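As structure tokens, the structure follows; a few thoughts come after it.
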Amino acid sequence: MAIAKGEGRAPSARRRSERDGLVASTAAAAAVRQLAELITNEPVGVTSIEPVEDGWIVEVEVIEEHRIPSSADILALYEIELDAEGDLLAFHRTRRYARGKSGTGNEGS
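First residue of the sequence shown? That's 1 in the UniProt record's numbering, and the numbers climb one at a time after it.
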């Protein structure tokens with residue numbers, strides 16, 4: 001049986017970041033901004049955000065390679081870890097794939 005993200009986590013852990021004053025939309029914007037400062041590729045948008053005990057985990061989709069037509073672009077998914085104040089602690093690319101492909105591997109890397 002699959003467990004959804006956040007399931008099994010203590011309610012106090014899920015609410016901690018909200019209690020500290022950083023809401024999901026602010027954390028998402030901070031993650032995109034800080035990732036854009038560190039990489040040369042174009043962030044497209046946030047695909048998921050999850051409060052954790054000491055901050056947030058945010059996944060951001062990035063255009064790694066522009067191609068013509070755009071349906072052939074190569075995209076990547078980055079996982080960003082923020083502290084409770086929204087400062088970047090760590091990031092890494094978790095997946096690279098062609099636009100429109102639903103595979104879960106690292107196609108094209």
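Ideal placement from N, C-alpha and C gives every residue a C-beta, glycine not left out. Since the structure is predicted, the reported quantities are computational estimates derived from the model, not experimental observations.
- By the neighbour-count criterion, in which a residue is buried when 16 or more other Cβ atoms sit within 10 angstroms of its Cβ, A72 is exposed.
- In this structure, the CA atom of A29 is about 11 angstroms from the CA atom of A36.
- Judged by DSSP secondary structure, S48 falls within the beta strand (DSSP E) whose first and last residues are 42 to 52.
- In this structure, L89 sits near G55, with a CB-CB distance shorter than 9 angstroms.
- With at least 16 other beta carbons inside 10 angstroms of its own, P51 counts as buried.
- Residue pairing from DSSP places A90 in a beta bridge opposite E81.
- Counting every other CB atom within 10 Å of its CB across the protein chains shown gives I68 a total below 16, marking it as exposed.
- Taking G100 as the centre and dropping the five residues before and after it, the same chain places the C-beta of S71 closer than 7 angstroms to its C-beta, in chain order.
- Within the same chain, Cβ atoms closer than 8 angstroms to the Cβ of H92 are found at Y78, E79, the five residues on either side in sequence being excluded.
- Inter-residue distance for E61 and A27 is about 15 angstroms (C-alpha atoms, whole angstroms).
- For V58, the number of other beta carbons within 10 angstroms of its own is at least 16, and it is reported as buried.
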